[in-house]
DNA sequence: AATCCGGGGCA
DNA sequence: TGCCCAGGATT
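Residue numbers (full-length UniProt numbering): 1 to 348.
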C-alpha cells in the first residue's frame with residue numbers, strides 16, 4: 001500500500017531524495033533532526049554550496065561552520081557534524097562507513113540517522129523510526145503504548161523492522177516518512193484521502209486524534225537575560241558561551257541573568273555599573289523594551305542595555321572586544337540576532 | 001530512565 | 001499557549 005501510494009501520489013520533492021552520496025545524506029539527516037524540512041532546506045543548500053565534499057567541511061574553521069548553522073538550533077548537532085567529518089577524513093580516508101554499527105559510533109548519529117544512511121545510501125534493510133513512523137504505526141495498529149518510554153520505543157522499532165520492505169528499504173523508508181508528513185499528519189490528518197483507512201485501527205475506532213500517546217509533559221523554565229552591550233571606540237564586548245547550558249559555542253554580550261524580572265532605568269543602570277565594576281564614565285545609549293524568545297523548554301525574556309565607555313575597563317578578562325565589521329562574522333543565538341536586526345545602528 | 005538541547009510553524 | 005518537527009548525548 002505504502003509503496004503504491006509513494007509511486008502514485010507522493011510529490012514531495014527534496015534535493016537529497018534519491019541521493020546516493022552518503023555525505024549528502026548524512027548532512028541532510030543531521031540538519032533534519034527535530035527540524036522541519038521547510039526549515040532545514042535552506043541550510044542544507046548553503047552547506048552543500050560551501051562544502052561540496054566532506055573534506056572541505058572537515059577543513060573548515062569551527063566558527064565559520066557554526067555561523068552557517070546560526071539560527072537552526074540544537075547547536076551540538078553542528079559541533080558533532082564537524083567532529084564526525086574530521087574523523088571520517090582522518091580515520092576512513094574520507095570514505096563514509098557502510099556498516100550500521102560503525103555508523104552508530106559516529107558522533108551525532110543515533111539509531112534513526114544510522115538507519116537512514118544505511119538504507120538511503122546503501123539500500124541496507126534498516127527501518128527508520130522517526131516521529132512520522134511512530135505516528136503512522138501507532139495509528140495504523142491502534143497502539144497506545146507511549147512513544148516516549150522505553151517499552152514504546154522497543155515496540156515501534158520492532159514493528160518498523162517487521163513492516164519494512166526488505167527488498168526496497170530505501171524506497172519504503174522514504175515512503176513511510178512522506179506518508180506521515182503529508183497524509184497521516186500530527187494534526188488534521190487527511191484520513192479522507194488515506195488509502196489505508198479501511199485497515200487503519202485508529203480510523204476504524206475513531207482514535208486517530210488520540211494517537212500516538214506521549215507520557216511526559218515538559219515544563220518550561222523562565223529565565224531573564226539582561227544583556228549589557230558595551231561599546232568602546234567602535235569595539236563591542238562579546239563572550240563565547242561555553243558553560244553547560246543553551247547556546248554553547250555561540251557568542252553573546254555581557255550577560256546578567258536573574259531569576260526575577262528587573263526594573264531597569266537610567267539611574268539603576270548607572271548605579272549597578274558603579275557598584276559592580278566601579279564604572280563612572282559610561283554613557284547610557286538605550287534600554288530596549290522587553291524581548292522574548294520561546295524555546296522548547298525555556299522561555300527567555302530580557303532587555304538589551306546599550307552603553308558607550310570612554311575608557312576601556314580592565315575587568316572581564318575572558319571577554320573579547322570586537323570591531324563592528326567582525327561582529328557579523330560571529331554566530332549569535334536568535335534572541336540576540338533578532339534584536340540586532342531591529343537595531344541597524346549596531347547590527348549591520 | 002530522566003533530562004537537556006533551539007527555533008519555527010500552526011491551531 | 002501547547003504541540004510537533006527526518007533525534008541524540010549526557011547523567
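Using N, Cα and C, we set each Cβ at its ideal position, and we do this for glycine too. Keep in mind the model is a prediction, meaning the values are calculated, not measured.
Asked	Found
Any idea what DSSP makes of residue 20, helix, strand or coil?	coil
Report, in whole angstroms, the separation of the C-beta atoms of residue 175 and residue 6, which I expect to be a contact under 8 Å.	4 Å
Rounded to whole angstroms, what's the CA-CA distance from residue 274 to residue 280? Just pull it up for me.	6 Å
Do residue 34 and residue 355 come within 9 Å of each other at the CB atom, strictly closer than that value?	Here the chain comprises residues numbered 1 to 348, so residue 355 is not present and cannot be evaluated.
For the alpha helix (DSSP H) that residue 135 lies in, which residues bound it at each end?	131 to 140
To the nearest angstrom, report how far apart residue 132 and residue 122 are at their CA atoms.	22 Å
Is the region 220 to 237 close to the region 299 to 311, with three or more CB pairs under 8 Å?	yes
Give a yes or no on whether the C-beta atoms belonging to residue 168 and residue 3 are separated by under 9 Å.	yes
Would you report the Cα separation of residue 204 and residue 119, rounded to the nearest angstrom?	32 Å
Quick check: the region 304 to 323 against the region 231 to 246, are there 3 or more CB pairs under 8 Å?	yes
If you draw a straight line from the alpha carbon of residue 329 to that of residue 341, how long is it in whole angstroms?	14 Å
Exposed or buried, what is residue 254 when buried is set at 16 or more other beta-carbons lying within 10 Å of its beta-carbon?	buried
From residue 143 to residue 182, what does the alpha carbon distance come to, in whole angstroms?	21 Å
In the structure shown, what three-state DSSP assignment does residue 299 receive?	strand
Are the beta-carbon atoms belonging to residue 54 and residue 113 less than 9 Å from one another?	no
Classify residue 274 as helix, strand or coil using the three-state DSSP reduction.	helix
Please state if the CB of residue 256 and the CB of residue 282 are separated by a distance shorter than 9 Å.	no
Is the distance from the Cβ of residue 86 to the Cβ of residue 106 below 9 Å?	no
Can you give me the C-alpha to C-alpha distance between residue 219 and residue 334, rounded to a whole angstrom?	21 Å
Taking only three categories from DSSP, how would you classify residue 347?	With a pLDDT of 45 at residue 347, under the threshold of 50, the modelled position of this residue cannot be trusted; read the value that follows with caution. Helix, per DSSP.
Using CA coordinates, which residue listed in 166, 165, 129 is at the minimum distance from residue 155?	129
If you reduce the DSSP assignment to three classes, tell me which class residue 65 lands in.	helix
Using the beta-carbon count (16 or more within 10 Å), is residue 40 buried or exposed?	buried
Suppose contacts are defined by Cβ-Cβ distances below 9 Å. Is residue 117 in contact with residue 96 by that definition?	yes
Between 278, 160, 249, which lies nearest to residue 79 when the distance is taken from Cα to Cα?	249
Should residue 173 go down as buried or exposed, given a rule of 16 or more other Cβ atoms within 10 Å for buried?	buried
Should residue 212 go down as buried or exposed, given a rule of 16 or more other Cβ atoms within 10 Å for buried?	buried
Exposed or buried, which one is residue 285 when buried takes at least 16 other CB atoms within 10 Å?	exposed
From what residue to what residue does the alpha helix (DSSP H) around residue 5 run?	2 to 9
Where in the UniProt domain "HhH-GPD" (31 to 182) do unbroken runs of the alpha helix (DSSP H), each at least 4 residues long, occur, reported from the N-terminal end onward?	37 to 50, 54 to 59, 62 to 69, 76 to 91, 100 to 104, 111 to 122, 131 to 140, 150 to 163, 169 to 182
In terms of alpha-carbon separation, which member of 233, 244, 137 lies closest to residue 350?	The displayed coordinates of the chain run from 1 to 348. Any statement about residue 350 would go beyond what the structure contains.
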